[in-house]
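Before any comments, here is the structure.
In the numbering used here, the protein residues as written are 615 to 823.
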């Protein structure tokens, strides 16, 4: 049986703290270990609409490192129900994430949907691939009409995922989302302004307009 997210995340030290806080029975019983080793429709929808996510790795010295990754919606591509991929765009040339992955191929992706107050955590192992050696994959993950230099490809192999509760997530909206949500209001305001103008014309004595 494949490991669940909690099987990976809950270590002996974590179990000690859970016991101290009285939550060990809640999180160490079989019913709390949801099997999540294949992406379904909910995960597909979440992944396909993200324009950013966070990628965590661990260095040779044991320090964690988390990096923001961004691109057009869908730049993180679902290849099948256990595999993701993305183009690694050129950036500040520190290469911390890529270097960390040479020491350990384990990583965690953290996806946020602020308007829906949803978060998806994904444990993966990572293949770092030369873009020129993977022409078919490169074509799949290259965004259309997006100016960025692709240095390499990342292919993520799912180990386990988990959805988090919405607590303490402040809803945030992009400028495009605000424009979409307010469009109907703007249209209604325009209709009311036109109606108001017609009523003024009807009520005003002849010759005042």
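Idealized CB from N, CA, C, for every residue including glycine.
Beta-bridge annotation (DSSP): residue 702 is paired with 766. Cβ contact annotation for residue 617 (same chain, cutoff 8 Å, sequence separation greater than five): 651, 773 and 774, in chain order. Look at residue 684 here: in three-state DSSP terms it is strand. Rounded to the nearest whole angstrom, the C-alpha separation of residue 669 and residue 806 is 48 Å. When the Cα atoms are used, residue 744 and residue 765 turn out to be separated by approximately 8 Å.
A Cβ-Cβ distance of about 6 Å is found for the pair residue 763 and residue 703, placing them in contact under the 8 Å criterion.
Judged by beta-carbon spacing, residue 725 lies within the 8 Å limit of residue 667, meaning their Cβ atoms are closer than that value. In chain order, 653, 658, 661, 662 and 698 place their CB closer than 7 Å to the CB of residue 692, counting only its own chain and leaving out the 5 sequence neighbours on each side. In the DSSP annotation of this structure, the continuous segment of the alpha helix (DSSP H) that includes residue 793 starts and ends at 789-817.
Taking C-beta atoms as the reference points, residue 619 and residue 719 fail to come closer than 8 Å. Fewer than three Cβ pairs drawn from the stretch 672-683 and the stretch 793-803 lie within less than 8 Å of each other, which leaves the two stretches out of contact. Just so you know, the alpha carbons of residue 753 and residue 690 end up roughly 13 Å apart. DSSP, reduced to helix, strand and coil, places residue 627 within a helical segment of the structure shown.
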